[in-house]
Amino acid sequence: MLKVKNSLGNSIQGFKPLREGFVGVYICGPTVYGHSHIGHAKSYVSFDVIVRYLTHLGNRVRYVQNITDVGHLTDDADEGEDKVIKKARETGLEPMEVAETYTNSYFDDMDALNVQRPDITPKASGHIPEQIDMVSKLLDNGHAYEVNGNVYYDVSSFPDYGKLSGRNIDDLVDGFRVEKRSEKKNPADFALWKRAEKGHLMKWNSPWGVGFPGWHLECSAMALKYLGPTLDIHGGGLENMFPHHDDEIAQSEGVTGEPFAKYWLHNNMVTVEGRKMGKSLGNFITLKDAFAGEPPLDKKVRPMVLRYFILNSHYRSPLDFSAHAIESAEKGLNRIEEAYSNICERLQISRNSTGEEGGVPETVNEMVDNLKIDFYAAMDDDFNTASALGGLNKFTRNVNKLLSQGGELNLSVLQPIETVYRELGENVLGILRDAGTRKQNRGATIEEELIRTIVETREELRAARQFDLADNLRDKLEDLGIALKDGADGTEWERAN
RNA sequence: GGCGGCAUAGCCAAGUGGUAAGGCAGCGGUCUGCAAAACCGUUAUUCACCGGUUCGAAUCCGGUUGCCGCCUCCA
């Protein structure tokens, strides 16, 4: 039985979708005004695995993730500027060019991380009529009021306001700065529609004049459109619990009168060497920089390593990023990849040979069964990927033990191991995508033939006990990023990533 | 000031009442011409600190200290 930590009510609950076998998931997507950073990676890798696991359990999942390209201001005060427009002003591009550029950038990075694309990726700017419609309904039923072309949500009209983050309006007011010349009835009221000043880019006609939608509104409108009045799961970053998610609830429930989401899942933040990551703190790490090995990294971070690193902690725990931590993740992942690719390689050989078919030895059955028991128990416990990886590591130790015993392993031993790696390691966790291509020995490119020739020549030198020359070749290849491993069955090579 | 969370070995990190997963690093060994990888063994009598509840607590309760997030934009 899958259990999840529901932020709404702050408790662990059994997971039961509204319709058996169908799960509607809405995850807050990025605001596309810059390249994605390692915080995005944590969020979207975590939710990717959640969606993969729900699918693995046999559910039909509809995964909706918005792209916010309008309305997200740099500041909630009246003088705040739209983030996308600000970037457009700075770069001399059309706002939609900015949005397109960083939407593409986002998906490039997510593809690299083996994050599956959502089923629907609606854009805020493409859903203006839906948003206007929601504002009209909120005005009609008394949850909103208009002042000078601005429309605000009246939080006092929604008794449950703040129920997700556990706040009440009176507490909030103390925390709000005193806004000068505010048109709001209550400082906690938030904008649904904003009047566009002269020269404002990205504006639309509405019943209240020319303007643009408020930040939180797009999520409510698009979730309603594609998933109906009540979502099974709404996910997002912890930092958005208030006000963004509480505002979404107020808007959506204000319109539909039905619960907005059954389960709220919040993923925790990334810190860098113990400190919050922020642009103003100068410790901001984009994914492109991480993949390229820019400081503070001293080497390229393989996307799969970042993915493994993220999944090695719980999505609800903060994750501390450092070059050192990445290094140990890389070595840990290498071990699993190595074992998996060895199994795949042996399987290939075994399929091509006509060796006798033995039964599956008890030890192999036991290994696989134990992994499954550990893995499903971990994942059922609020998607505990760290614990699931613990099981996969234990399994890998047993696989290596089997491999290092030497001797032939027939199909009936190799196949169940390969299958469970593929189903759990790749299909659910998505960390083994690169493993199949690690062993490049069988390639047919000229480069690979050349490497093969060098390796064979070195073998002859070793046989002739010319170790100085042989070691020299190994060092040279190492400098070129080719690692050699001398084993009992000859020398293997692979690219050091 | 208000709300929420965290504190587990040298490092990262699971574990929320039954006697400390896993990874990295370290140490000893097997293998190797050497190296790398892999394998075997080993590494927290103890979970920030002080009290309490319990047959039993890292896990529950109270307090102390430290750190973090949100309340202003952030995944």
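The number in my numbering is simply the position in the first sequence, starting from 1, with 3 added. Note that beta-carbon positions come from the ideal geometry of N, C-alpha and C, so glycine has one too. Note that this is a predicted model, so its numbers are computed, not measured.
Strand pairing of residue i, partner residues [DSSP]
i    : result
I15  : K8
A486 : E497
Y156 : A147, F193
R22  : F25
D85  : L76
I30  : Q68, G238
R278 : V275
K126 : I70
Cβ-based neighbour list, residue i, same chain, cut-off 6 Å, excluding 5 preceding and 5 following
i    : result
N444 : Reliability fails at N444, whose pLDDT of 47 lies under 50, so the model's placement of it is uncertain and the value that follows must be treated cautiously. There are no such residues.
L414 : S353
L464 : L472, A473
G165 : N171, D249
R461 : A473, L476
Y424 : Y343
F50  : I30, G238
V101 : V87, K90, A91
S325 : E276
G433 : N117
W218 : G74, H75
N345 : L406
Cβ shell of residue i (< 7 Å), same chain only, five flanking positions each side left out
i    : result
G212 : G152, R198
K488 : T494, E495
Y56  : M382, F386, V431
I131 : W207, P216
K45  : N270, V273, I313, L322
P232 : T259, E261
S160 : G145, H146
L204 : I88, A91, P98
D437 : M307, E340
Y109 : P33, V35, S39
N401 : M370
E421 : I346, C347, L350
Range of the contiguous alpha helix (DSSP H) that encloses residue i
i    : result
P419 : 414–423
A381 : 365–383
D122 : Counting along the chain, D122 falls outside any alpha helix (DSSP H), and DSSP gives it neither H nor E.
N387 : N387 -> no alpha helix (DSSP H), and no H or E assigned at all.
T456 : 449–466
Nonlocal neighbours in the same chain, by C-beta distance under 8 Å from residue i, ignoring five residues either side
i    : result
Y148 : L142, V154, Y155, D157, K188
L167 : S10, L11, M244, F245, H248, D249, I252, W267
D384 : K6, S390
R63  : G24, F25, V26
L412 : R349, S353, L405, L406
Run of the beta strand (DSSP E) containing residue i, from where it starts to where it stops
i    : result
K197 : 193–198
G109 : In the sequence under discussion, the amino acid at residue 109 is Tyr, which differs from the Gly named in the question. Where Y109 is concerned, there is no enclosing beta strand (DSSP E), although the alpha helix (DSSP H) it sits in stretches over 98–115.
Entirely within the region 286–345 and at least 3 residues each: give me those beta strand (DSSP E) ranges in chain order.
Listed in chain order, they are 322–324.
Alpha helix (DSSP H) segments (min. 4 residues) lying fully within the region 33–76:
41–59
Is the region 395–407 touching the region 370–378 in the sense that three or more CB pairs, one from each, lie closer than 8 Å?
yes
Validate contact between the region 255–263 and the region 57–69 using beta carbons, cut 8 Å, 3 pairs:
no
Are the region 218–238 and the region 247–256 touching by the rule of at least three beta carbon pairs closer than 8 Å?
yes
Mind the definition here: the region 475–486 touches the region 451–459 only if three or more C-beta pairs lie below 8 Å; say whether that holds.
yes
Identify every run of the alpha helix (DSSP H) within the region 210–274, keeping only runs that are complete inside it and at least 4 residues long; order them along the chain.
220–230, 249–259
Meets three-Cβ-pair contact criterion under 8 Å: the region 26–39 and the region 298–316:
no
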